[in-house]
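Line by line, the protein sequences give chains A and B. Note that the numbering used here numbers the first sequence so that position 137 is 137, with each residue one more than the last. Note that the numbering used here numbers the second sequence so that position 30 is 30, with each residue one more than the last. Before any comments, here is the structure.
2 protein chains.
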Amino acid sequence: MSLGHTAVPLLDRQLAAAAGSADRPVSHAQCPVRDVLERVGDKWTVLVVVELVRGPRRFTELLRAVDGISRRMLTRTLRLLERDGLVERTVFPTVPPAVEYRITELGAGLAGPLDVLAAWAVEHRADIESARAAYDARDRPARP
Amino acid sequence: MSLGHTAVPLLDRQLAAAAGSADRPVSHAQCPVRDVLERVGDKWTVLVVVELVRGPRRFTELLRAVDGISRRMLTRTLRLLERDGLVERTVFPTVPPAVEYRITELGAGLAGPLDVLAAWAVEHRADIESARAAYDARDRPARP
DNA sequence: CAGTATCCCTGCCGATACTG
DNA sequence: CAGTATCGGCAGGGATACTG
Chain A
1 MSLGHTAVPL LDRQLAAAAG SADRPVSHAQ CPVRDVLERV GDKWTVLVVV
51 ELVRGPRRFT ELLRAVDGIS RRMLTRTLRL LERDGLVERT VFPTVPPAVE
101 YRITELGAGL AGPLDVLAAW AVEHRADIES ARAAYDARDR PARP
Chain B
1 MSLGHTAVPL LDRQLAAAAG SADRPVSHAQ CPVRDVLERV GDKWTVLVVV
51 ELVRGPRRFT ELLRAVDGIS RRMLTRTLRL LERDGLVERT VFPTVPPAVE
101 YRITELGAGL AGPLDVLAAW AVEHRADIES ARAAYDARDR PARP
């Protein structure tokens, strides 16, 4: 179902509930598309997923691999991913403890759609950048 | 206020910063993929895009169509989309003024990848939900 | 090692009032 | 109608210290 410039397929359906129709103002949390979109838009989630798609990692490995992430955010991100079944967490009861995070099949499956989006971004990067340049050049007060 | 005395209207730091100031401590700022991901993850952006894919809309039409959005957020969202060349803004110098927003070809092209992601979300919605249910049932943080 | 708990500050967003 | 200016709350997230 390609969309081009005609009708809006699936996406429309799912978001229509949240967007247009007589829905309660606060509770559009149930839309699975919105749900995934929010997760994907999260700064750290995708970076963690990408790292885990490469192979299983331990907590501190991820902490080093994902540049700039804090313990707090890494924990939170991993918990969310685990909860959604995208990542599997395994604790080895050693001393000191070792914990391994591994992408699940479901999680790996998400990489496909993400790649499509990434490909689009790369393919149209020049268009976007030139659009920005044009926009910024349009009317801008002299900068100090 | 803190931008100096030059009158840069609404456009928050994102617009101002991208235009001229070199005040950007983050190193991974200009990754196009991250860029698109952030936009897509934005609560309002996708809703506005979806509405505009259906057809051109005026400001107030969008305000009504995208449930819960404020004038401020709609303006900000539209400016960002316009700047990236995803949406075209046309002002008709009538009284009172009429402004039409129309999706561009570039913007409509984004709907494809979005659709792929949406399809994935719908397809695996059950998996995610059951994973959540299992996770939530696993170990309750029993706090008396 | 792998987290949790806490503090604190930024900046996002909604509500409101005002203009051309 | 189509925005802009301003304020205030409140939650997201970084830094740090502590624990099993």
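Where a beta carbon is used, it is the ideal one built from N, C-alpha and C, also for glycine.
* Alpha-carbon to alpha-carbon, Pro-93 of chain B and Arg-138 of chain A -> Position 138 of the first sequence, counting from 1, holds the residue named residue 138 of chain A. Position 93 of the second sequence, counting from 1, holds the residue named residue 93 of chain B. Cα-Cα distance, rounded: 19 Å.
* Compare the C-beta of Leu-37 of chain B against all C-beta atoms of chain A and say whether one is closer than 8 Å. => In the second sequence, counting from the first residue as 1, residue 37 of chain B sits at position 37. Interface residue, yes.
* To do: Measuring only between beta-carbons, confirm whether Ala-137 of chain B sits less than 8 Å from chain A.
  => In the second sequence, counting from the first residue as 1, residue 137 of chain B sits at position 137. Taking Cβ atoms only, chain A never reaches closer than 8 Å to Ala-137 of chain B, which makes this a no.
* Amino acids of chain B, ordered along the chain, whose beta-carbon sits closer than 8 Å to that of Arg-83 of chain A -> To locate residue 83 of chain A, count along the first sequence from 1; it is residue 83. Correct list: Ala-131, Arg-132, Tyr-135, Asp-136.
* **Burial state of Asp-67 of chain A (16 or more Cβ within 10 Å)** => The count along the first sequence starts at 1 and reaches residue 67 of chain A at position 67. It is exposed - the Cβ of Asp-67 of chain A has fewer than 16 other Cβ atoms within 10 Å.
* To do: Keeping to the same chain, check which residues put their C-beta closer than 8 Å to that of Arg-125 of chain B; ignore five residues upstream and five downstream.
  => On the second sequence, residue 125 of chain B is found 125 positions in, with the first residue counted as 1. There are no such residues.
* **Minimum Cβ-Cβ distance from Ala-121 of chain B to chain A less than 8 Å** => Residue numbering aside, residue 121 of chain B sits at position 121 when the second sequence is read from its first letter. Output row for Ala-121 of chain B: interface = yes.
* Only counting runs of 4 or more residues, tell me where the alpha helix (DSSP H) segments fall wholly within the segment 31 to 56 of chain A, in order along the chain. => 32 to 41, 45 to 54
* How is Thr-77 of chain A classed by DSSP in three states: helix, strand or coil? -> One-based indexing of the first sequence puts residue 77 of chain A at position 77. Three-state result, Thr-77 of chain A: helix.
* Asked: Where do the ends of the beta strand (DSSP E) carrying Thr-90 of chain A lie?
  -> For the purposes of this step, residue 90 of chain A is taken as residue 90 along the first sequence, with counting starting at 1. Where Thr-90 of chain A is concerned, the enclosing beta strand (DSSP E) stretches over 87 to 92.
* To do: Please state whether DSSP places Ile-69 of chain B in a helix, a strand or coil.
  => Here the question's residue 69 of chain B lines up with position 69 in the second sequence. Coil.
* To do: Would you identify the three-state DSSP class for Val-116 of chain B, choosing helix, strand or coil?
  => Counting from one through the second sequence, the residue named residue 116 of chain B turns up at place 116. Residue state, collapsed to three classes: helix.
* Alpha carbon of Thr-77 of chain B to alpha carbon of Asp-35 of chain B, nearest angstrom -> On the second sequence, residue 77 of chain B is found 77 positions in, with the first residue counted as 1. On the second sequence, residue 35 of chain B is found 35 positions in, with the first residue counted as 1. If I take the Cα positions, the gap works out to 14 Å.
* Asked: Taking only beta-carbon atoms, is Ile-128 of chain A less than 8 Å away from chain B?
  -> The count along the first sequence starts at 1 and reaches residue 128 of chain A at position 128. True, the Cβ-Cβ gap to chain B drops below 8 Å.
* DSSP puts Glu-100 of chain B in a beta bridge; with which residues? -> Indexing the second sequence from 1 puts residue 100 of chain B at position 100. Answer by DSSP bridge pairing, in chain order: B:Arg-58, B:Thr-90.
* Would a C-beta distance cut-off of 8 Å place Val-40 of chain A and Leu-37 of chain B closer than the cut-off? -> Counted from its first residue, the first sequence places residue 40 of chain A at position 40. Counted from its first residue, the second sequence places residue 37 of chain B at position 37. Closer than 8 Å, so yes.
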